[in-house]
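Encoded as structure tokens, the structure appears first; notes follow it.
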Amino acid sequence: MSTAQIARSPALVKRLARHDLVLSATMLLCAILILLALVGPFVTPYPPDQTDILAAGQGPSALHPLGTDSLGRDLLSRLLAGARPSLLFPAITVLISSVLGTAIAIAAAWHGGRVDQVTARVLEIMFAVPGILVAVIGAAVLGTGPWMPVVTLSLVYIPYVARVVRSAAVRECRLPYVEACRLAGLSGWRICTRHVLRNVAPLTVAQATLAFGWALMDFGAISFLGLGVQPPQAEWGVMVNEGRPEMLDGALQQSLSAGLLIVLAVVTFNILGERLSARIGAST
Amino acid sequence: MKPQLLDIRRLRVELAPRERRGERRTVIHDVSLSVAPGESVGLVGESGSGKSMTAKAVMGLLPRGAVATGEILYRNRAVLEMKGAELAGFRARGVSMIYQDPRAHINPLRTVGDFLVEGVVASGAMRRPEALEAACALLRDVGVTDPRRRVAQYPHQLSGGLLQRVMIVMALLPSPELILADEPTTALDVTVQSDVMAILSEQIRERSLGMLFITHDLDLAAAVTDSLAVMYAGVIVEHGPAADVYAAPRHPYTAALLASRPSPTSVERPVSIPGRPISAFEAGEGCVFAARCSHATGLCRTERPDPRPVATGTVACHYAEELEPAEGVRS
Numbered sequence: 004m005s006t007a008q009i010a011r012s013p014a015l016v017k018r019l020a021r022h023d024l025v026l027s028a029t030m031l032l033c034a035i036l037i038l039l040a041l042v043g044p045f046v047t048p049y050p051p052d053q054t055d056i057l058a059a060g061q062g063p064s065a066l067h068p069l070g071t072d073s074l075g076r077d078l079l080s081r082l083l084a085g086a087r088p089s090l091l092f093p094a095i096t097v098l099i100s101s102v103l104g105t106a107i108a109i110a111a112a113w114h115g116g117r118v119d120q121v122t123a124r125v126l127e128i129m130f131a132v133p134g135i136l137v138a139v140i141g142a143a144v145l146g147t148g149p150w151m152p153v154v155t156l157s158l159v160y161i162p163y164v165a166r167v168v169r170s171a172a173v174r175e176c177r178l179p180y181v182e183a184c185r186l187a188g189l190s191g192w193r194i195c196t197r198h199v200l201r202n203v204a205p206l207t208v209a210q211a212t213l214a215f216g217w218a219l220m221d222f223g224a225i226s227f228l229g230l231g232v233q234p235p236q237a238e239w240g241v242m243v244n245e246g247r248p249e250m251l252d253g254a255l256q257q258s259l260s261a262g263l264l265i266v267l268a269v270v271t272f273n274i275l276g277e278r279l280s281a282r283i284g285a286s287t
Numbered sequence: 132m133k134p135q136l137l138d139i140r141r142l143r144v145e146l147a148p149r150e151r152r153g154e155r156r157t158v159i160h161d162v163s164l165s166v167a168p169g170e171s172v173g174l175v176g177e178s179g180s181g182k183s184m185t186a187k188a189v190m191g192l193l194p195r196g197a198v199a200t201g202e203i204l205y206r207n208r209a210v211l212e213m214k215g216a217e218l219a220g221f222r223a224r225g226v227s228m229i230y231q232d233p234r235a236h237i238n239p240l241r242t243v244g245d246f247l248v249e250g251v252v253a254s255g256a257m258r259r260p261e262a263l264e265a266a267c268a269l270l271r272d273v274g275v276t277d278p279r280r281r282v283a284q285y286p287h288q289l290s291g292g293l294l295q296r297v298m299i300v301m302a303l304l305p306s307p308e309l310i311l312a313d314e315p316t317t318a319l320d321v322t323v324q325s326d327v328m329a330i331l332s333e334q335i336r337e338r339s340l341g342m343l344f345i346t347h348d349l350d351l352a353a354a355v356t357d358s359l360a361v362m363y364a365g366v367i368v369e370h371g372p373a374a375d376v377y378a379a380p381r382h383p384y385t386a387a388l389l390a391s392r393p394s395p396t397s398v399e400r401p402v403s404i405p406g407r408p409i410s411a412f413e414a415g416e417g418c419v420f421a422a423r424c425s426h427a428t429g430l431c432r433t434e435r436p437d438p439r440p441v442a443t444g445t446v447a448c449h450y451a452e453e454l455e456p457a458e459g460v461r462s
């Protein structure tokens, strides 16, 4: 039995990717992005913070494949080093909000009635609040730095996961097998964790993937505004901001390359999330 | 009086109103019923007569906002007052339920083995390996070949008949004393029905379990149960030894029900009961069957008859003594 379970996961990936070129491509891109976040900081050709005034503001060359910024730092090195904070902080955010959101969703669906109604309304109100605004207010209260938006955006993204999971969980809780579980003497906690959670988990993952794309963009924006990751640390949002004065001198490479990476990551995770949701919708 | 396993006394169930300030809807007017250890009791009635709601009340699973009055005693413990751990323990060890549609009542994403052992493992009665062992032995008892392979499979890989046997095993595994079977064979093919029913009644007899067998099939109920309660619009209209009720029905409804079955030996149209079946909350002051009864008088329309002892059973009819027992079926 255990070998069958182990064998299932790669089989699942294969099944998902079959006959779907877009999904295969986005999964490949995701793998590359995750790889970048893991090993990027270790394979930089130059130390990312090393300035070299003599080489400042250069275009692409053999020594600096993407050129340098106004302080002479190697852009490729900074992009590679920036991959980790750019992807890690949104990932932590989405992880926290997915766990909290799913827990809230299932608890609401299980209790039903007024608890469920109130939770649903509160989630809708939370959904209407723009994330960037909360992060800016959060920065005013908590100060700047990468962990501030993790805290505020974790809250902001709860409804992104919870709303969708809640409606699925409500449907799940009404299925006859849940009643059968209660009759078998199982506790509500056990039914929720072993049955309902398990059956809505694919949806949670799809929704979290979507939310990750949005969170990545919000993080880029917050760092761009100077409220998130602080320079001189390399991060894509920070780099877009640092490239702004250079753009006026006609040197587009810093803002453009970092911006394109953000766009690529956002689009990739959005498509992946959408496809996963569609697949789950089609199979249930 | 012999000690009862399950004793339902004057149960009345009202559902929450559909709208705010709406009226509560009564689904069960007055049900008294008992199951002795080792006894099989059939609860027969049309759809909407309240038979499934009675089962739900016994399991303490009434819908939100429902109000139940009267008493349900399981070994002299009041089920309606049980809460939390006591209720979970009663459900886990005292009573088991077998459902009409096994496919809907098993989580499709978990294996048959997970489904079978979860209850007993969670209640701490058995550890997983021994529970699986016991489940396999029981599966063999109910005629499932190769149980080791079956427990590793998912519900969609099993046929309906096989799945209902799995359901029976799940019900028997915690060694309960009472089985509630809610139309256990209705969703199955005719050929499989008799198989599954035979297995179920065999298991019940061997273990001398009490069973409350809920069905709309009077013939089936008469064949497998010791006593029979006929329910109409939330009221038990006739209750007695299965053979007697079947052979000589005394309540006009039971008689009409028996007369309306298609006969295997004739091609004539069965005699239908005039009017339509009413829901319990539509019943007025009088006898619930008055509107459709050919013997009904003014008294029947104004006053609801209490069940009264007639011959070997009880009949809720003002004219129970006067009406001749109808032509039933002698088994």
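Chains as they are written, first to last, in this note's numbering: chain P, 4 to 287; chain S, 132 to 462.
Cβ coordinates follow ideal geometry from the N, Cα and C atoms, glycine included.
For clarity, every value in this text was computed on a predicted model and none was experimentally measured.
Kindly indicate which residue of the options has the alpha-carbon position closest to the one of residue i.
i                     : options                    : result
residue 150 (chain P) : P:212, P:89, P:195, P:179  : P:89
residue 230 (chain S) : S:430, S:198, S:294, S:404 : S:294
residue 166 (chain S) : S:200, S:196, S:194, S:226 : S:226
residue 37 (chain P)  : P:168, P:271, P:283        : P:271
residue 117 (chain P) : S:262, S:322, S:196        : S:196
residue 237 (chain S) : P:280, P:146, P:199        : P:199
residue 242 (chain P) : P:213, P:67, P:261, P:159  : P:261
residue 157 (chain P) : P:221, P:208, P:69         : P:221
residue 280 (chain P) : P:209, P:32, P:144         : P:209
residue 162 (chain S) : S:149, S:178, S:138, S:179 : S:138
residue 239 (chain P) : P:175, P:63, P:134, P:84   : P:84
residue 191 (chain S) : S:337, S:217, S:178        : S:217
residue 384 (chain S) : S:149, S:151, S:270, S:175 : S:175
residue 435 (chain S) : S:444, S:416, S:427        : S:416
residue 177 (chain P) : P:257, P:134, P:111        : P:111
residue 371 (chain S) : S:381, S:365, S:364        : S:381
From the DSSP output, which residues share a beta bridge with residue i?
i                     : result
residue 200 (chain S) : S:143
residue 193 (chain P) : According to DSSP, residue 193 (chain P) bridges with nothing at all.
residue 359 (chain S) : S:173, S:371
residue 141 (chain P) : Partner(s): none; residue 141 (chain P) has no beta bridge.
residue 228 (chain S) : S:311
residue 124 (chain S) : The structure shown does not extend to residue 124 (chain S), since chain S spans only 132 to 462, so no value can be given for it.
residue 137 (chain S) : S:166, S:205
residue 71 (chain P)  : P:77
Would you report the Cα separation of residue i and residue j, rounded to the nearest angstrom?
i                     : j                     : result
residue 448 (chain S) : residue 360 (chain S) : 14 Å
residue 391 (chain S) : residue 369 (chain S) : 17 Å
residue 81 (chain P)  : residue 57 (chain P)  : 18 Å
residue 245 (chain S) : residue 156 (chain S) : 39 Å
residue 204 (chain S) : residue 210 (chain S) : 6 Å
residue 353 (chain S) : residue 377 (chain S) : 6 Å
residue 105 (chain P) : residue 184 (chain P) : 21 Å
residue 120 (chain P) : residue 158 (chain S) : 27 Å
residue 264 (chain P) : residue 115 (chain P) : 43 Å
residue 166 (chain P) : residue 187 (chain P) : 30 Å
residue 4 (chain P)   : residue 285 (chain S) : Residue confidence is low: residue 4 (chain P) scores 38 on pLDDT, short of 50, so the model does not pin down where it sits. Its coordinate-derived value is still stated next. Rounded to the nearest angstrom, the two C-alpha atoms are 12 Å apart.
residue 259 (chain S) : residue 242 (chain S) : 14 Å
residue 419 (chain S) : residue 171 (chain P) : 41 Å
residue 336 (chain S) : residue 429 (chain S) : 46 Å
On the premise that residue j lies in contact with residue i, defined as a C-beta separation below 8 Å, what is that separation, rounded to the nearest angstrom?
i                     : j                     : result
residue 102 (chain P) : residue 218 (chain P) : Contact doesn't hold; Cβ gap of about 14 Å is too wide.
residue 464 (chain S) : residue 300 (chain S) : Past the boundaries of the shown model lies residue 464 (chain S); chain S is included only from 132 to 462, so the question cannot be answered.
residue 141 (chain P) : residue 86 (chain P)  : Contact flag wrong, Cβ pair sits at about 24 Å.
residue 52 (chain P)  : residue 245 (chain P) : Actually they do not touch by this definition, with Cβ atoms about 12 Å apart.
residue 171 (chain S) : residue 441 (chain S) : The pair is not a contact, with the Cβ atoms about 22 Å apart (cut-off 8 Å).
residue 253 (chain S) : residue 189 (chain P) : 5 Å
residue 270 (chain S) : residue 281 (chain S) : 6 Å
Along the chain, where does the alpha helix (DSSP H) containing residue i start, and where does it finish?
i                     : result
residue 335 (chain S) : 321-337
residue 174 (chain S) : From DSSP, residue 174 (chain S) is part of no alpha helix (DSSP H) but of the beta strand (DSSP E) over 171-176.
residue 306 (chain S) : Note, residue 306 (chain S): premise wrong, no alpha helix (DSSP H); not H, not E.
residue 114 (chain P) : 78-114
residue 221 (chain P) : 200-227
residue 175 (chain P) : 150-176
residue 279 (chain S) : 278-282
Provide the residue span of the beta strand (DSSP E) that contains residue i, from first to last.
i                     : result
residue 313 (chain S) : 309-313
residue 251 (chain S) : Per DSSP, residue 251 (chain S) belongs to no beta strand (DSSP E); it is in the alpha helix (DSSP H), 243-253.
residue 440 (chain S) : 439-441
residue 342 (chain S) : 341-346
residue 156 (chain S) : 156-166
Please compile the residues from chain B whose C-beta is within a distance smaller than 8 Å of the C-beta of residue i.
i                     : result
residue 195 (chain S) : Protein chains in the displayed structure are P and S, and chain B is not among them.
With respect to 7 Å, is the separation between the Cβ of residue i and the closest non-hydrogen atom of the ligand ATP below this value?
i                     : result
residue 444 (chain S) : Within the structure as shown, the ligand ATP is missing, as the structure has no ligands at all.
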